[in-house]
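Asks:
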Amino acid sequence: MAELVLGSYEGCGACDLCSENIDCRKMSVPVNITFLKSQQADNWGRFVTVFKKGEQIKGMAVIKDNKIYCASAESNLYEGYEDFISLENVEIELSV
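Going by my numbering, the first residue of the sequence shown is number 883, and it counts up by one from there.
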């Protein structure tokens with residue numbers, strides 16, 4: 883398989899797939915995500931680290947024609963926190 887290309891995540895519903903009325907949920911596949919830089923999220927006005935640099939987790943990504951449109955993952959640091967992740971400073975590969 884060709885190398886995956888990271889797109890830029892602009893928010894759910896804002897990508898090219900949605901503008902073409904394509905149901906992206908059908909293109910969601912399991913992936914392995916490695917964080918090259920920590921990612922933070924807003925916790926009631928305070929930013930907290932939800933994914934640590936170097937952390938490797940399993941997640942889901944919407945992929946079409948080897949382009950990653952979005953990815954989501956569940957944090958190991960905050961129980962119950964699952965959300966879309968920034969596609970910057972991550973490596974994503976298909977789960978085997």
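Just so you know, even glycine gets a beta-carbon here, dropped at the ideal spot from N, CA and C.
1) Can you name the residues that DSSP bridges to D924?
2) For the putative contact between F966 and C952, defined by C-beta atoms under 8 Å, what is the C-beta separation to the nearest angstrom?
3) For V972, count neighbouring C-beta atoms within 10 Å of its own C-beta (all shown protein chains included) and say buried if the count is 16 or more, exposed if not.
4) Decide if C897 is buried, meaning its Cβ has at least 16 other Cβ atoms within 10 Å, or exposed.
5) Using C-beta distances below 6 Å, list every residue in its chain close to S910, excluding the 5 sequence neighbours before and after it, in chain order.
6) Would you kindly work out how many angstroms separate the C-alpha atoms of L899 and K946, rounded to a whole number?
7) Identify, in the order they occur along the chain, each residue of the same chain with its Cβ nearer than 6 Å to the Cβ of I915, setting aside the five sequence neighbours on each side.
Replies: With the given structure in hand:
1) Looking up residue 924 in the sequence shown gives position 42. Per DSSP, F929.
2) In the sequence shown, counting from the first residue as 1, residue 966 sits at position 84. In the sequence shown, counting from the first residue as 1, residue 952 sits at position 70. The pair is a contact, with the Cβ atoms about 6 Å apart (cut-off 8 Å).
3) For the purposes of this step, residue 972 is identified with residue 90 of the sequence shown, where counting begins at 1. Looking at its Cβ environment, which holds 16 or more other Cβ atoms inside 10 Å, V972 is buried.
4) Taking the sequence shown and counting its residues from 1, one reaches residue 897 at position 15. Buried: at least 16 other Cβ atoms inside 10 Å.
5) Looking up residue 910 in the sequence shown gives position 28. Hits under 6 Å: M942 and V944.
6) Here residue 899 corresponds to residue number 17 of the sequence shown, with the count starting at 1. Here residue 946 corresponds to residue number 64 of the sequence shown, with the count starting at 1. One C-alpha to the other measures close to 9 Å.
7) One-based indexing of the sequence shown puts residue 915 at position 33. Only I939, G941, A955, V972 and I974 meet the Cβ criterion.
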